[in-house]
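Since the structure comes first, as structure tokens, the remarks are kept for the end.
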Amino acid sequence: MAPAITLILGGSLLLAASLVLKSGKARDVHGQRNGMAVASLVLLLVAAILGWIRVVPDDLGQGLFRFDAAALASERLALLGGLIVILMSWSTAPRAHLGEYYGCLIIMIGAVPVVGASNDLVSLFLGLELISIPTYIMLGIVKNDNAGAEATIKYFLLSAFASSFFLLGVSYLYGFVGSTNLQVIQSNFATANRLTSLALVLVMCGLAFRVTAVPIHFYAPDVFEGTSLTMAGIMSYLPKVAGFVALIRIMGTGLNSQTLEIVVPVLFVCSALTMFVGNFLASAQNNLRRLLAYSSVAHTGYLMLAMTALLRENADPNVLYSYLAAYAAMTLGFFACLGEIEAAGGKTQLVGDLSGMFYRRPAASIGMTVCLISMIGLPLTAGFWAKFLVFMGTVAAGTKDPLSIAMAVLMAFNAVIAAGYYWRVLSKLFETSDAFVPLRVFRPSLFVAYTICVVLTVVWFFVPAVM
Amino acid sequence: MTLIIPLLILLPLFVGIGMFLAGTKAESLVGLALGASGLVLALSLLLLFQVCGAAVPDSATNGATIIARVGYAPDWLHIRLPVSVDGHPIYWHLQFGADGIGALLVLLTGIVGFVTMIMATHQIRERLVSYLALILITQSMLLGVFLSMDLLSFYLFFEAVLLPIILLMNGWGNKAEALKASRKFLLYTLVGSVPMVIGLIGIALQSATPVRPSTVSLELLSAIAKESQLAAINASPGDALNSVSILASKDQWIVWILLLGFGIKLAILPLHTWLPTTYAVAHPNTTALIASVVAKLGVFGIIRIVIPLTPLALSTYAQMLFGGLGAVAIVYGALVALSQSDMRKVLAYSSISHVGFITLGLMSMNSEGLSGAAIQMFNHGIITCSMFLILAMLEQRRGPVSLCDEDCGLASIYPKLAVMMVFFTLAGAGLPGLNGFVGELLAMTGMIRVSGLFTAIAVLGTVLGAWYGLRIVQRVLFGSNGEHKSKVHAQVNGDLKATEFAPLLALACICLFIGVRPQDSMDLIENDIKRIVSVSEPSAKSVHSEIDQLAQTQP
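From first to last, the protein sequence lines are chains A and B.
According to this note's numbering, the residues represented by the first sequence are 2 to 468, in order.
According to this note's numbering, the residues represented by the second sequence are 35 to 589, in order.
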């Protein structure tokens, strides 16, 4: 747990630091900004080193936390996302609340491995709330206008609503087994009955909020539109990782066929709806933020489809982790590019605002192009393997269940619908316009952020095993 | 000399990427691009000779229907995918190699790439270096498809071709419509090719048994497929587990998905609407490449994957349907070509018509039809390429060429160009002695054993083919009533320069050579076709009892 503890303690320290930071006229804004960002990066580095040198014992035990593959994968995903997100925040964090912002961000990053390592329903819920509560604060401080307030309130209320669903499901699980230990619960899945299925479906409802799955997806466009770009990037990634890791944690192993008969169709329906709603509404959007929000909803649909293969043990959870890693690189990379354009004085609210951006800001546009190609899922990018692995798992499940193959085909057609709107954005970048003004302000941190993403996107294509 | 294959794929790729990154100002790189392309052509010729010279593997030893005669599959090209399916880790062993059909298409890619690049130096006025770089990258991807010997590499290159093609369309096409047309092209192709990956994964995963991990190697897969298909065909009537219908219905979804993907690429009739817009919007020089090689990817996919790996399901569900569609496409394409006035559209629809012959040959699933289809792939590539190149030169001199223009009567102004145009039109129309005749005749010979009706429709198409071909010649070269001479002499650029004439002459020589001596190219593919037919023909016969009845009724 050393990395997670480091991050959460460090985050708390940064929060406390905000009390002693000078405010008012004597305040050295740049110094504070750089200092905070560097401190966060150092924390991340320490956490990464601690994770690197950790020796995992053979006997993982039965305690609150277990360091199995899911824990390690979630830690890696959190650190990867964290690095990019902190780089993105460097120049975009709200000046007035630096301490709070970085503190909350670091705690969020640290909470993902807490969820991933949880071996108990209580610690799992703790981890999930450690992600939600800082999110409320951050949403409130990054944008101080009506849209920001609306986003915050919407997110807060829905999050509480979803958590109650989650807790209801968890209480049924406890009632069924008499223990909150996940290993004990999973060993009892063999004798599961309808009530367990109900409990699992309720848990999925609760987690659907975090991963922005239909039917609890509708906050995403409003929140993405109402908050800053960096925050939208954070919200599209970290809660999604936590949500899926939590799903894997709770029901990843040991489901019996009776439970699967209920859970898998529910996931199928959810996944199909999520894909279609996400893709169709994204196709109809002219607002870039809302388009990205719906695209993030659509990606959740693909991930939920991979989840069905995983539940039936046709594929291992690496499918999900690889997808999330590729997703991190392409989505956060795209947000970082947009962030750089905005920091340089361009507008990024509407798709049309990107018109001719290639001639105004070539580097960021090339970055966006690579990320968009990855989102479409064409070869030479990590996005190709992400979709390929989901197809692979789903087809493997299809040897016993033809519906699974039908779902894979459905997903393929959805990917094509998605290609339509990604292509719309992509072609805007290269539109020739007469009156374009080059954007010359250079933000090294954002540049580094999307360069990392682009390089990872391309490199992972050639070495998929390290994804 | 085992390095020929990686060199063929990587050389144009690296040169292309390097030139693309070097930017548009570096005019001196044009020579480098031409050199690289010439080297690719030389390498593809070398590969062809190696394939010819290589000992033909004995198919009886392992039963595979697809065997690389020149192979490149080192052990280190072994990629672990981050997933395990049903408890087995998944590896991807990249395998490359060329058999006769592959080598033929590699040669086609080499020729077409080199010729289009030479022509581009005359045609393309802006950002020439980037254009050449993209053509090189396209060439590399195409060679990758033709040389890959496993499903995954095949699919990767198949998909990757899209990217440079779309850039070529957008950067040098008709500016007003390029974005729209390329969106249509992208979405159309993706509708076919994204689901296709599911079918390919299905084939690979089905090959797994408790003792054998799943494989993507075409050689192994084809051996497995042959074994299971022949077992089903030869099974005793009472054998419920092993019958033709069970195997066919098991593979049914795979065949439909693959045929959707390949069908869109080869523009089979109801899925063809991307083709005219794409051809009309892209620069004719680009179209020469797209029409002659990229459109062949679908045909190649069917002959490489669908027919050898799932012949029973193909003949049960889709053989007659696709054969019929091919026959209709021949007539439909010809009729639409007759009614168009824009020459780009005329050539686009004539391409649909010609691809119909190839489909017809493929769906006969016997040795005549398949060899016809394979030869016609090459022939049609050469002819279409030349026609679009001629169109490009005409457009450069006259602006858009319409068959209704008053001033059409270009033969007197451009005599050399006129000769070439007449020659290739006749080759396309299937004049005996030229290459178009060989492929079309073989394809129809194959089809007549399967269905007399489809062949009859196809024969009708050859008549129409001569009609629209001669219509082009008459209207463009000699004026609508044969007396018109061009009134616009001011813009005249002069006849073909030597560097424009020489490539066309070379292409014409190839046409003539294959037309007069088809035996050489037939020898090249004969063994591969024989092996494929050893599984495809019994499948077709076991499903359709009417096959070969025409031959049997005659004494």
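C-beta atoms are modelled at their ideal positions from N, C-alpha and C, and glycine is treated no differently.
It should be emphasised that the depicted structure is a prediction, and the values quoted were computed from it without experimental measurement.
Where residue i and residue j are concerned, what is the direct C-alpha to C-alpha distance, given to the nearest angstrom?
i	j	result
Phe356 (chain B)	Ala67 (chain B)	40 Å
Tyr463 (chain A)	Leu381 (chain A)	The question names Tyr, yet the displayed sequence has Phe at residue 463 (chain A). Approximately 8 Å, taken between the alpha carbons.
His518 (chain B)	Leu437 (chain B)	In this prediction, His518 (chain B) has a pLDDT of 47, which is less than 50 and means its spatial position is unreliable; nothing more can be read from the coordinates.
Leu230 (chain A)	Leu42 (chain A)	20 Å
Phe547 (chain B)	Gly470 (chain B)	11 Å
Met2 (chain A)	Val456 (chain A)	30 Å
Ser272 (chain A)	Ala209 (chain A)	11 Å
Leu331 (chain B)	Ala329 (chain A)	34 Å
Leu8 (chain A)	Phe188 (chain B)	45 Å
Ser124 (chain A)	Val30 (chain A)	38 Å
Leu44 (chain B)	Ile417 (chain B)	28 Å
Ala70 (chain A)	Glu314 (chain A)	15 Å
Gly144 (chain B)	Val74 (chain B)	6 Å
Ala269 (chain B)	Val228 (chain B)	36 Å
Ile38 (chain B)	Leu47 (chain B)	14 Å
Ala283 (chain A)	Val426 (chain A)	11 Å
Gln240 (chain B)	Ala408 (chain B)	28 Å
Val380 (chain B)	Leu372 (chain B)	7 Å
Tyr175 (chain A)	Leu379 (chain A)	45 Å
Ala301 (chain B)	Thr307 (chain B)	8 Å
Tyr220 (chain A)	Lys155 (chain A)	7 Å
Ala316 (chain B)	Glu193 (chain B)	19 Å
Of the residues the options, which one's Cα is nearest the Cα of residue i?
i	options	result
Met53 (chain B)	B:Leu170, B:Thr150, B:Gly105, B:Arg103	B:Leu170
Leu201 (chain A)	A:Ala152, A:Ile263, A:Ala3	A:Ile263
Phe296 (chain B)	B:Gly233, B:Ala452, B:Ser555, B:Gln84	B:Gly233
Ala466 (chain A)	B:Leu82, B:Pro116, B:Ala76, B:Ile43	B:Pro116
Ala257 (chain B)	B:Gly406, B:Leu538, B:Ala325, B:Ile341	B:Ile341
Ala282 (chain B)	B:Gln353, B:Ser227, B:Thr243	B:Gln353
Ile100 (chain B)	B:Ile135, B:Leu372, B:Ala154	B:Ile135
Ala383 (chain A)	B:Lys214, B:Ala322, B:Ser174, B:Leu190	B:Leu190
Ser188 (chain A)	A:Gln63, A:Leu16, A:Tyr422	A:Gln63
Thr321 (chain B)	B:Tyr448, B:Thr150, B:Phe457	B:Thr150
Ser366 (chain A)	A:Glu101, A:Ala221, A:Phe431	A:Phe431
Phe412 (chain B)	B:Gly226, B:Ala102, B:Leu460, B:Ile392	B:Ile392
Met399 (chain B)	B:Val435, B:Leu346, B:Leu81	B:Leu346
Gly403 (chain B)	B:Trp290, B:Glu253, B:Ser251, B:Leu476	B:Leu476
Leu293 (chain A)	A:Gly36, A:Ile453, A:Ile377	A:Ile377
So for residue i, helix, strand or coil by DSSP?
i	result
Asn319 (chain B)	helix
Ile288 (chain B)	helix
Pro58 (chain A)	coil
Ser124 (chain A)	helix
Pro216 (chain A)	coil
Thr172 (chain B)	helix
Pro244 (chain B)	coil
Val435 (chain B)	coil
Pro116 (chain B)	strand
Pro108 (chain B)	coil
Ile548 (chain B)	helix
Ala420 (chain A)	helix
His578 (chain B)	coil
Does the ligand MG have a heavy atom nearer than 8 Å to the CB of residue i?
i	result
Met305 (chain A)	The ligand MG is not part of the structure shown, which contains no ligands of any sort.
### Task
Quick one: which unbroken alpha helix (DSSP H) runs of 4-plus residues sit fully inside the segment 140 to 208 of chain A? Chain order, please.
For the segment 140 to 208 of chain A, whole alpha helix (DSSP H) runs of length 4 or above, ordered along the chain, are 147 to 178, 183 to 188.
### Query
Using a beta-carbon distance cut-off of less than 9 Å, what residues from the segment 258 to 285 of chain A approach chain B?
none
### Message
For the segment 311 to 345 of chain A, list every residue whose C-beta sits within 7 Å of some C-beta in chain B, in sequence order.
### Response
Asn315, Ala316, Asp317, Asn319, Val320, Ser323
### Message
Please give the ranges of any alpha helix (DSSP H) in the segment 352 to 420 of chain B, keeping only runs that are unbroken, at least 4 residues long and fully inside the region.
### Response
353 to 373, 377 to 398
### Query
Can you list, in chain order, the residues of the segment 173 to 199 of chain B whose Cβ is nearer than 7 Å to any Cβ on chain A?
Leu190, Glu193, Ala194, Leu196, Leu197
### Query
Closer than 9 Å, Cβ to any Cβ of chain B: which residues of the segment 343 to 377 of chain A, in chain order?
Ile374, Ile377
### Message
So if I threshold CB-CB distances at 7 Å, which residues from the segment 205 to 218 of chain B count as touching chain A?
### Response
Leu213, Arg217
### Task
Determine which residues of the segment 104 to 119 of chain B have a Cβ less than 8 Å from any Cβ of chain A, and write them out in chain order.
Answer set for the segment 104 to 119 of chain B: Ile113, Arg114, Leu115, Pro116, Val117, Ser118, Val119.
#### Entry: Complete alpha helix (DSSP H) runs within the segment 286 to 367 of chain A (minimum length 4 residues, chain order)
289 to 312, 319 to 328, 334 to 344, 358 to 361
### Task
Would you list, in chain order, the members of the segment 442 to 459 of chain A that have their beta-carbon closer than 7 Å to a beta-carbon of chain B?
none
#### Entry: Members of the segment 166 to 186 of chain A near chain B, C-beta cut-off 9 Å
Against chain B - using a Cβ distance shorter than 9 Å - the segment 166 to 186 of chain A contributes no residues.
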